[in-house]
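Worksheet: the structure to be examined is printed underneath.
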Amino acid sequence: MRLLVLFSFFIVSLNLSAQKPTPVTNSKPKLVVGIVVDQMRWDYINNFKPYFKTQNGFLKFVNEGASCNNNLISYVPTVTACGHTAVYTGATPAIHGITGNSWYDNVLQRVVYCTEDASVQSVGVENSPAGKMSPKNVWTTTIGDELKLATNFKSKVFGVSLKDRGAIIPAGHSADAAYWYDSKTGKFISSSYYGKTSLPNWLNAYNSSNKVDSFYKLGWALSLPKTVYEANCDTDENDYEANPFGIDAKGFPYDLKKFIGKEYGKISSTPYGNNLVFDVAQQLLINEKLGTDDITDLLAVSFSSPDYIGHAFGPNSWEVLDNYIKLDEILAQFFALLDKQVGKNNYTVFLTADHAVAPIPAYAQKHKMPAGAITDNGVKTDIGKMLTAKGLNPSLISAVTEYNIHFNHPLMDSLGVSQEKLVTLITNLLEQKNDILQVIELRKTAMAPFPQEIRERIINGFAPQRSGDLLFITKSGVVGGGYKGTGHGVFYNYDAHIPLLWYGNGIKKGQINSINYMTDIAPTVTTLLGIQMPSGTLGKPILEVLK
Ligand SMILES: [Zn+2]
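Counting from 0, one number per residue, gives the positions in the sequence shown under numbering that gives the first Met the number 0.
So, in structure tokens, the structure goes:
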């Protein structure tokens, strides 16, 4: 037997040595770039395709890489913090713990912000809570954490975004740093969580260049002829749009000079927010020498301005189209930078969104489609009035956040009000409302008379420490918030259908039309890199995109 094995080995060796050595073509990427566009609908790519000014932005992914055309979010609520966490952990809120941008914490009995951390200090801004942030509320590991573990912490891992949560969560627990925008000072800042008490010199230099004011000086003008917007969008000025630049600034071109030297938050609602994030990513890439050796690094970038612009003006606006025309050009610059700094085929990029968005309700109604608006506060007030009318204490409800209704269990116990009683009263009240489809008792979701696919997404979003007792499910087109602007957060496809694009080392060219989920992104990246999946990953690698 042993002889036979030896003999076979000899034959195999002979065969191999007879062939020419094959060149190594399957080396791992030196850098993975993850791009999350905060609030991007999948259909934007097709709708805006004829108007992109370059083939090297979104269309580079589509034409030279892979596009997953039916990528969905497999949990609720479909909001920013949950989305960024699901992309980088491959898990859903039930496992990674980020149940909202904020949640009512049933243990602490107060509202908690997803990345708040009182134990750390702001870096790059004095006397401000803006940097007292960390990823400690995320319960599982991220792609970056696994990369660190796989390389004995030699990989470099960074996150950049306008929003703190858009930078901190994707960078992960063991990141080298995350940088985000402080809307009070107009500077990019960080947290002492990352082990430094001051910003790197390159970031201080960028902050001193005061780019925000130079962008304000330019104002926001359209990139394409007016006729393109007239042909493809709603009218420019509408009463149902929000007015982030003031009540008198209703249409193009937007003069932004009045914000110079102050009101640094306004830049977020312009395409220049994307320029700021790209500038910092570029400086980071160069100065931290990402992708320059054989140990794979990770750069997680999140563009937040599309979310601010989308909320204010809606997906059918001139502002959104123009923002994407400009973001497309930034992506082309990003690819050119990566080719130059890291080298063609030495990097892999994926682009996705944390969530999509609903049409503005009044716009949908104008076109006879079902729509409405509802607020957490409005629901809380209505429940309070009902309880008072029944002779019960309105404080029996602790909070209503992200469609979750939290009961005040200590008060229920002391007043002798049963769970069943509150569930019945509130369900009866809310299910009579025009905008509400159904109320679900979260501990009993598995038994709810509701389509299984959506029941699973509700269960995927449930964490007992951070979720409510009840979830109210709105009808299609009903948006959380007022009648000006729009929102996202539910399971309907306008919120849950997001782009997923791939390009670069290890990526097979193609259009993938089968259903995939946001949680498939992390295991696809870790399979590409040959490293362990994040600890809580529920998704599957998308094999069609891998060579
Ligand atoms: Zn949003």
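Idealized CB from N, CA, C, for every residue including glycine.
query: At 3 residues or longer, what runs of the beta strand (DSSP E) sit wholly inside the region 439-510?; result: 469-473, 477-479, 499-503
query: List in chain order: all unbroken beta strand (DSSP E) runs of 3+ residues lying wholly within the region 101-165.; result: 101-104, 109-112, 156-160
query: I need the boundaries of the beta strand (DSSP E) containing residue 404, first residue and last residue.; result: 403-406
query: Is the distance from the Cβ of residue 223 to the Cβ of residue 50 below 7 Å?; result: yes
query: Are residue 544 and residue 514 closer than 7 Å when you measure CB to CB?; result: no
query: What does a CB cutoff of less than 7 Å around residue 323 pick up in its chain, not counting 5 residues either side in sequence?; result: 43, 47
query: Please report how far the alpha carbon of residue 0 lies from the alpha carbon of residue 527, in whole angstroms.; result: Here the model assigns residue 0 a pLDDT of 40, short of 50, so the residue's position is not dependable and the matter cannot be decided.
query: Decide yes or no for the touch test of the region 252-260 against the region 113-125: beta carbon pairs closer than 8 Å, at least 3 of them.; result: no
query: So what does DSSP say about residue 186, is it helix, strand or coil?; result: strand
query: Using the Cα positions of residue 315 and residue 45, report the straight-line distance between them to the nearest angstrom.; result: 14 Å
query: Are residue 102 and residue 235 touching if we call contact CB-CB under 7 Å?; result: no
query: Candidates 210, 518, 424: which alpha carbon is nearest residue 388's?; result: 424
query: Check residue 281 in the structure and name its three-state DSSP category.; result: helix
query: Would you identify the three-state DSSP class for residue 242, choosing helix, strand or coil?; result: coil
query: Can you tell me which of 503, 494, 530, 534 puts its alpha carbon nearest to the alpha carbon of residue 70?; result: 494
query: Since I believe residue 150 is in contact with residue 294 (beta carbons under 8 Å), could you give me their beta-carbon distance rounded to a whole number of angstroms?; result: 5 Å
query: Could you tell me whether the region 71-81 touches the region 330-350, using the rule of 3 or more Cβ pairs below 8 Å?; result: no
query: Quick check: does the Cβ of residue 494 come within less than 6 Å of any heavy atom belonging to ligand 1?; result: no
query: Let me make sure I understand the geometry here. Which of 104, 192, 449, 91 has the alpha-carbon closest to that of residue 139?; result: 91
query: Taking just the CA atoms, how far does residue 420 sit from residue 443?; result: 15 Å
query: Taking 6 Å as the cut-off, is the CB of residue 306 close to at least one heavy atom of ligand 1?; result: yes
query: Three-state secondary structure (DSSP) at residue 198?; result: coil
query: Going by beta-carbon coordinates alone, are residue 159 and residue 276 separated by less than 7 Å?; result: yes
query: Within its chain, find whatever has a CB closer than 8 Å to the CB of residue 546; leave out the 5 residues flanking it on each side and keep chain order.; result: 25, 505, 506, 507
query: How far does the alpha helix (DSSP H) with residue 323 in it reach, from first residue to last?; result: 317-340
query: DSSP has residue 219 in a bridge; who is on the other side?; result: 253
query: Quick one: what does DSSP say residue 364 is sitting in, helix, strand or coil?; result: helix
query: Specify whether the region 477-484 and the region 33-42 touch according to this definition: at least 3 beta carbon pairs, one from each stretch, less than 8 Å apart.; result: no
query: For the region 191-211 and the region 296-303, state whether three or more C-beta atom pairs, one from each stretch, are separated by less than 8 Å.; result: no
query: Is the number of C-beta pairs between the region 50-68 and the region 426-438 that are closer than 8 Å three or more?; result: no
query: What residue does the beta strand (DSSP E) around residue 67 start on, and which one ends it?; result: 65-71
query: Taking Cβ positions, are residue 167 and residue 176 nearer each other than 7 Å?; result: no
query: If you check the beta carbons only, do residue 165 and residue 303 fall under 7 Å apart?; result: yes
query: Buried or exposed: residue 523, going by 16 or more other Cβ atoms within 10 Å of its Cβ?; result: buried
query: Buried or exposed for residue 226, please, with buried defined as at least 16 other CB atoms from any protein chain shown within 10 angstroms of its CB.; result: exposed
query: Mind checking who residue 297 pairs with in its DSSP beta bridge?; result: 31, 156
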